[in-house]
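Protein chains in written order, with the numbering used here: chain D, 1299 to 1411; chain F, 25 to 133. Below you'll find the structure, written out as structure tokens, and then a few comments.
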């Protein structure tokens, strides 16, 4: 079984731009969660989707948004990028909506200049 | 107060020793507890889960949970250099998983 696939692997953007990150979960997994990882803060929860519905959202500004498609693939979007948005963005999938056991992708490393 | 707290380390132990990693959490109604291992430049991977008070052993790893003290720990026996990684404590509650910042462990040969 293929693992969680995130694209792109690396991104360099400038302040004010927007960015879209993609995540394909493990086949058969219907829940997708997104996390931001920075050296000082660790993993910060962004949001979780199940069956195209956002089930939970972390404490991030409205510039961070996401969606899930009918094939369970998910995208997250960050608008009006700020320097502080530079981080590793990790996507994790799980088989069902009780997302206890997470399977992580390799992440997208975003650098905002 | 952070929801999940860990000593960031680094924690350094000699090969063959026991490494002890600790985690506290703030929400008393938390239901499930996990340890993830993250090698440098890699994504986190689940290594242990524990749901009830007491100890749970899996090979060289033992997870310990004390809900009254809101405390979770991970013991790694006979530590190996390949155990050198960051260990993330995670707590599941109310439909989302919250992570600690991680403890960096170095096992010296």
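We treat Cβ as the ideally placed atom computed from N, Cα and C, and that holds for glycine.
Worksheet item: Thinking C-alpha only, which one of F/109, F/130, F/27 and F/103 is nearest residue 57 of chain F?
Response: F/27
Worksheet entry | For residue 1364 of chain D, the three-state DSSP class (helix, strand or coil) | strand
Discussion item. Between the alpha carbons of residue 122 of chain F and residue 33 of chain F, how many angstroms are there, rounded?
Written reply: 19 Å
Worksheet item: Using the beta-carbon of each residue, which ones in chain F are nearer than 8 Å to residue 1366 of chain D?
Response: Those do not exist, as residue 1366 of chain D stays about 15 Å from chain F at its closest Cβ, beyond 8 Å.
Fill in: Closer than 7 Å to chain D by CB, residue 109 of chain F
no
Discussion item. Which residue wins for smallest C-alpha separation from residue 117 of chain F, given the options D/1389, D/1394, D/1398 and D/1390?
Written reply: D/1398
Worksheet entry | Nearest to residue 125 of chain F (by Cα), restricted to the options D/1334, D/1374 and D/1308 | D/1334
Discussion item. I need the boundaries of the beta strand (DSSP E) containing residue 1352 of chain D, first residue and last residue.
Written reply: 1351-1355
Worksheet item: Do residue 1304 of chain D and residue 1391 of chain D come within 7 Å of each other at the CB atom, strictly closer than that value?
Response: no
Worksheet entry | residue 71 of chain F versus residue 1360 of chain D - alpha carbon distance | Roughly 34 Å separates the two Cα atoms.
Worksheet item: Can you find a C-beta in chain D that's less than 7 Å from the C-beta of residue 70 of chain F?
Response: yes
Worksheet item: How about residue 51 of chain F and residue 1354 of chain D: are their beta carbons less than 7 Å apart?
Response: no
Worksheet item: Residue range of the beta strand (DSSP E) that residue 1358 of chain D falls in?
Response: Counting along the chain, residue 1358 of chain D falls outside any beta strand (DSSP E), and DSSP gives it neither H nor E.
Fill in: Cβ shell of residue 39 of chain F (< 8 Å), same chain only, five flanking positions each side left out
103, 104, 105, 131, 132 and 133
Worksheet entry | chain D within 7 Å of residue 79 of chain F, Cβ atoms only | no
Worksheet item: Near residue 1345 of chain D, which residues of its chain fall below 6 Å by C-beta distance, leaving aside the five closest residues on each side in sequence?
Response: Excluding residues up to 5 positions away in sequence, 1332, 1352, 1355 and 1364 lie with their Cβ nearer than 6 Å to the Cβ of residue 1345 of chain D in the same chain.
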